[in-house]
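Okay, structure first, notes after.
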Amino acid sequence: MSHPISNTTHYPFLRQNPWFSGLPSGLQNGLIAASETCRLRDGDMLFSQGDALPEDGGVFFAVLDGNLKFSNLREDGREAILAVLEPGNWFGEITA
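Going from the sequence shown to the numbering used here is simple: count from 1 and add 16.
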């Protein structure tokens, strides 16, 4: 379930991230205004390989709490863990 992100709740946490805090304040505020929170339970998938990007051309995620595992299935059907992201990590993709 997604909810608008809160300036007062998440902004102080996001400011601790060197990448985010290095952005001009107007851009920081714009990212916050365009953001939503999404709460996942253990085992939930945020997205799957091959999912289409939003029509506006990009998406970025910040891990606020817990860990997020990136993995894929190998040819033999076993899971290969590619990375585990902790709070404060960012990832995303944009198109030109």
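Heads up, the beta-carbon is just placed ideally off N, CA and C, and yes, glycines get one too. From a predicted model like this one, the values you see are computed outputs, not experimental measurements.
Put simply, the region 36-47 does not touch the region 90-103. Fewer than three CB pairs are less than 8 Å apart.
Short of 7 Å from the beta carbon of phenylalanine 29, and not among the five residues preceding or following it, lie these beta carbons of its own chain, in chain order: Leu80.
Runs of beta strand (DSSP E) with 3 or more residues, each lying fully within the region 39-101, are found at 52-54, 74-78, 84-89, 95-101, listed in chain order. Contact between asparagine 88 and leucine 98 is confirmed by a C-beta separation of about 7 Å, below the 8 Å threshold. Burial check for serine 51: the Cβ neighbour count within 10 Å reaches 16 or more, so the residue is buried.
Alanine 78 is classed as buried because its beta carbon has at least 16 other beta carbons within 10 Å across all chains shown.
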